[in-house]
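To start, the structure itself, in structure tokens.
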Amino acid sequence: MSFWETVTGSDLTREWTAFEARAKALPADHQAAWGQIKGHLSPYGTFTGRNLMPILDAALGLLEESAADGQSVHEVLGDDIRGFCTALAGGAGARTYRDRWREQLNRNVATKLGRLGG
């Protein structure tokens, strides 16, 4: 990956297009699960979402393998797709983008208040 691809995000666009092409080849129930997985994992992404690409690739691979084996989505992921995604992202205590932004805002406010109080 070149510097230009990193800056523009063209590598991510290429990867995302490949993911979607792979997902279109899945059965309908697996495609629906893919949509839910993307939605439930998105809060754990960074600004660009680059940190989620390996996780999404692995989740899509799992869906592809289960479809090839003739397994249903419920056999593979269970009934709690949100819980599955939480576990993929690092567990219940994993920080979301909101947590990171909240911490940054609190640091900035504390810094400003420290300057005003001194």
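Okay, so the sequence shown: first residue is 1196 according to the numbering used here, each after it adds one.
Think of the CB as a built atom: it goes at the ideal place given N, C-alpha and C, for glycine as much as any other residue.
Residues near residue i by beta carbon distance below 8 angstroms, same chain, minus five either side
i	result
GLY1265	none
THR1236	It should be pointed out that residue 1236 corresponds to Leu in this sequence rather than to Thr. So the qualifying residues of the chain are LEU1247, ILE1250, LEU1251, ALA1254, CYS1280, LEU1283 and ALA1284.
Cβ shell of residue i (< 7 angstroms), same chain only, five flanking positions each side left out
i	result
LEU1272	ALA1228 and PHE1279
GLU1260	none
GLU1210	MET1248
Minimum C-alpha distance to residue i - residue among the options
i	options	result
LEU1258	ARG1209, ARG1290, ALA1305 and PHE1214	PHE1214
ASP1224	THR1243, VAL1268, ARG1295 and ASP1274	VAL1268
ILE1276	THR1212, ILE1232, TRP1296 and ALA1305	ILE1232
Coil, strand or helix - residue i by DSSP
i	result
ARG1310	helix
PRO1222	coil
ASP1325	What the structure shows of the chain is the stretch from 1196 to 1313, and residue 1325 is not part of that stretch, so it cannot be assessed.
ARG1290	coil
PHE1242	coil
ALA1278	Before going on, a small fix: residue 1278 reads as Gly here, not Ala. GLY1278: helix per DSSP, three-state reduction.
SER1197	coil
GLY1285	coil
GLY1204	coil
GLY1273	coil
Distance cut-off 7 angstroms: residue i Cβ against heavy atoms of the ligand GTP
i	result
ASN1246	In the structure shown, the ligand GTP is absent, as is every other ligand, since no ligand is present at all.
Cut-off 6 angstroms between Cβ atoms - residues of its own chain near residue i, not counting five sequence neighbours on either side
i	result
PRO1222	ALA1262
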